[in-house]
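Enquirer: Protein chains in written order, with UniProt numbering: chain A, 1 to 188; chain B, 1 to 188. Mind looking over this structure? Questions follow.
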DNA sequence: CCATTAAGTCACCGGGCGTTGACTACCGGC
DNA sequence: GCCGGTAGTCAACGCCCGGTGACTTAATGG
């Protein structure tokens with residue numbers, strides 16, 4: 001009988017990446033305050049001290065997660081004509097997994113924590129809101145960007161952080177309405 | 001020279017009410033996790049032990065705050081024709097103070113905390129979402145209610161939890177756009 | 001085959017948390 | 001005028017957190 005799982009081969013770079021990945025998944029499911037260094041370490045199968053060693057502090061680790069996750073969040077791609085449809089689909093059905101809107105999810109989870117709020121705001125401004133506003137263009141771009149982003153955040157919270165009890169038909173109806181609203185904002 | 005402020009007169013009921021009020025203000029500004037029993041006690045000018053004594057536990061205190069605050073949240077009043085306008089004004093300018101949408105603010109602040117999320121979800125469903133959906137009526141009421149509530153939540157987060165750097169003109173434009181979107185959802 | 005060095009672990013620290021039981025001081029009624 | 005009960009305080013407990021220095025173990029080059 002095996003008492004130990006196969007010990008991870010000694011590879012600092014791979015271990016560091018594994019920690020970052022585990023942290024990303026944790027922070028996408030729990031808030032900054034609720035995620036513990038020991039939780040992340042247990043997920044990877046290492047000692048908690050190693051997490052502190054590799055990333056300096058919990059705050060630095062969170063920043064690293066935000067930066068790493070932000071790379072994959074290419075919200076703005078594809079043509080403008082289907083933006084509303086795409087975003088509505090993402091926000092409502094939100095196929096799990098890395099990339100996509102996970103970056104937004106991580107930010108929303110921890111935006112309540114005073115320790116993480118500042119980081120979240122700065123990161124969201126730089127990596128999400130700023131580019132979005134610039135991409136949008138046109139008259140009232142700041143207002144339209146802000147409103148569109150707010151709507152996406154709100155639907156995200158409604159469908160991810162709160163339990164979902166909508167039927168498939170209702171989801172489809174909601175998707176359609178949301179897409180129309182967003183698209184109207186995009187088009188001006 | 002006075003070394004002590006006037007000691008609070010011995011009145012259990014008044015002290016209890018003062019604790020509840022202080023807790024309400026704290027929970028409206030910080031998340032469940034960030035608010036400490038000692039913080040609340042300090043605001044009132046009593047010992048932290050008294051807070052536990054009067055309300056049993058932090059969780060019970062939070063529930064009491066949600067219930068007490070919910071009474072004043074009469075979202076649904078006034079005529080339907082101006083609902084969008086009223087809500088947009090509330091969400092964007094959100095004159096501070098008890099009542100109004102403070103209940104929603106308290107819920108949003110702590111929705112990230114796993115310890116408070118369940119309470120928030122149940123309370124929000126019972127005191128906010130359910131009545132709202134019922135009041136809305138008409139075709140697709142659940143979908144429209146959910147979408148309208150999500151939009152309000154999103155704008156709330158955007159304007160309260162994130163710093164506001166919109167000019168008065170931009171605020172007015174945003175208010176107008178948001179009001180139109182909400183009103184369209186209300187009317188069907 | 002061993003020495004060196006990096007990778008990872010272990011024990012522990014200081015601090016903050018919510019909560020509790022023992023204690024004190026005040027106030028109304030006799 | 002004191003006395004019982006209640007409002008409020010105090011000190012402490014157990015727990016968990018993030019972080020650190022000393023130690024152990026494994027890989028690697030000679």
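By construction, the Cβ of each residue, glycine as well, lies at the ideal position given by its N, Cα and C atoms.
I'd like the list of long-range same chain contacts for residue 91(B), defined as Cβ closer than 6 Å, with 5 residues on each side in sequence excluded.
Expert: Working through the second chain from its first residue, we reach residue 91(B) at position 91. Hits under 6 Å: 152, 155 and 156.
Enquirer: Determine the direct distance from the alpha carbon of residue 10(A) to that of residue 2(A), and round the result to whole angstroms.
Expert: Position 2 of the first chain, counted from the first residue, corresponds to residue 2(A). Position 10 of the first chain, counted from the first residue, corresponds to residue 10(A). Reliability of the predicted coordinates at residue 2(A) is poor, the pLDDT of 44 falling under 50, and no value is obtained from them.
Enquirer: Could you tell me whether any Cβ in chain B is nearer than 8 Å to the Cβ of residue 149(A)?
Expert: Taking the first chain and counting its residues from 1, the one referred to as residue 149(A) is at position 149. So, interface residue.
Enquirer: Report the residue from 53(B), 70(B), 136(B) and 105(B) whose alpha carbon sits nearest the alpha carbon of residue 30(B).
Expert: Reading the second chain from its first residue, position 30 is the one you call residue 30(B). Nearest of 53(B), 70(B), 136(B) and 105(B) to residue 30(B), Cα basis: 105(B).
Enquirer: Tell me the rounded alpha-carbon separation between residue 191(A) and residue 20(B).
Expert: Not covered by the structure: residue 191(A). The range shown for chain A is 1 to 188.
Enquirer: Between residue 141(A) and residue 111(A), what straight-line distance do the alpha-carbon atoms span, to the nearest angstrom?
Expert: Stepping through the first chain from its first residue, residue 141(A) is reached at position 141. Stepping through the first chain from its first residue, residue 111(A) is reached at position 111. Cα to Cα, residue 141(A) sits roughly 24 Å from residue 111(A).
Enquirer: The UniProt domain "HTH tetR-type" (13-73) of chain A: which residues have C-beta closer than 7 Å to a C-beta of chain B, in chain order?
Expert: Cβ contacts with chain B come from 30, 31, 33 and 34.
Enquirer: Mind checking the segment 162-173 of chain A against chain B and listing, in chain order, the residues whose C-beta falls within less than 8 Å of any C-beta there?
Expert: Listed by position along the chain: 162, 163, 166, 170 and 173.
Enquirer: For a test of the three-state rule: what should DSSP assign to residue 43(B), helix, strand or coil?
Expert: For the purposes of this step, residue 43(B) is identified with residue 43 of the second chain, where counting begins at 1. Reduced to three states, the DSSP call for residue 43(B) is helix.
Enquirer: In chain A, which residues lie less than 8 Å from residue 9(B) when you measure between Cβ atoms?
Expert: As a first step, residue 9(B) is located in the second chain; it is residue number 9 there, counting from the start. Residues of chain A passing the Cβ test: none, with the nearest at roughly 34 Å.
Enquirer: Where are the beta strand (DSSP E) runs, 3 residues long or more, that stay fully inside the segment 162-186 of chain A, in chain order?
Expert: Counting whole runs of 3 or more residues, the segment 162-186 of chain A contains no beta strand (DSSP E) stretch at all.
Enquirer: Please work out which residues of its chain come closer than 6 Å, Cβ to Cβ, to residue 70(B), disregarding the five sequence neighbours upstream and downstream, and give them in chain order.
Expert: Looking up residue 70(B) in the second chain gives position 70. Here the set comprises 103 and 127.
Enquirer: Cβ of residue 131(A) less than 8 Å from any chain B Cβ?
Expert: What you label residue 131(A) is simply residue 131 of the first chain in a count that begins at 1. No, its Cβ sits nowhere closer than 8 Å to a Cβ of chain B.
Enquirer: Run the CB neighbour count on residue 134(B), radius 10 Å, all protein chains shown included, and call it buried at 16 or more, exposed below.
Expert: As a working mapping, residue 134(B) is identified with position 134 in the second chain. The residue is exposed, with fewer than 16 neighbouring Cβ atoms inside 10 Å.
Enquirer: To the nearest angstrom, how far is it from the Cα of residue 56(B) to the Cα of residue 41(B)?
Expert: On the second chain, position 56 is the one that residue 56(B) refers to. On the second chain, position 41 is the one that residue 41(B) refers to. Spanning the two alpha carbons is a distance of roughly 14 Å.
Enquirer: With 8 Å set as the bound, which would you pick, yes or no: does the beta-carbon of residue 186(B) sit closer than that to a beta-carbon of chain A?
Expert: Taking the second chain and counting its residues from 1, one reaches residue 186(B) at position 186. With 8 Å as the cut-off, residue 186(B) does not count as an interface residue toward chain A.
Enquirer: Would the beta-carbon of residue 46(A) fall within 8 Å of that of residue 37(A)?
Expert: Taking the first chain and counting its residues from 1, one reaches residue 46(A) at position 46. Taking the first chain and counting its residues from 1, one reaches residue 37(A) at position 37. For residue 46(A) and residue 37(A), no; Cβs fall outside 8 Å.
Enquirer: Out of 59(A), 184(A) and 93(A), which has the shortest C-alpha to C-alpha gap to residue 114(A)?
Expert: Taking the first chain and counting its residues from 1, the one referred to as residue 114(A) is at position 114. It is 59(A).
Enquirer: Of the residues 184(B), 124(B) and 162(B), which one's Cα is nearest the Cα of residue 158(A)?
Expert: Along the first chain, read from residue 1 onward, the residue named residue 158(A) stands at position 158. When each option's Cα is compared against that of residue 158(A), the closest is 124(B).
Enquirer: Quick one, which of 119(A), 146(A) and 139(A) has its alpha-carbon nearest residue 131(A)'s?
Expert: Within the first chain, numbered from 1, the residue matching residue 131(A) stands at position 131. Closest option to residue 131(A), Cα to Cα, is 146(A).
Enquirer: Quick check on residue 93(A): buried or exposed, where buried means 16 or more other Cβ atoms within 10 Å of its Cβ?
Expert: For the purposes of this step, residue 93(A) is taken as the residue at position 93 of the first chain. The residue in question, residue 93(A), is exposed, as its Cβ has fewer than 16 Cβ neighbours within 10 Å.
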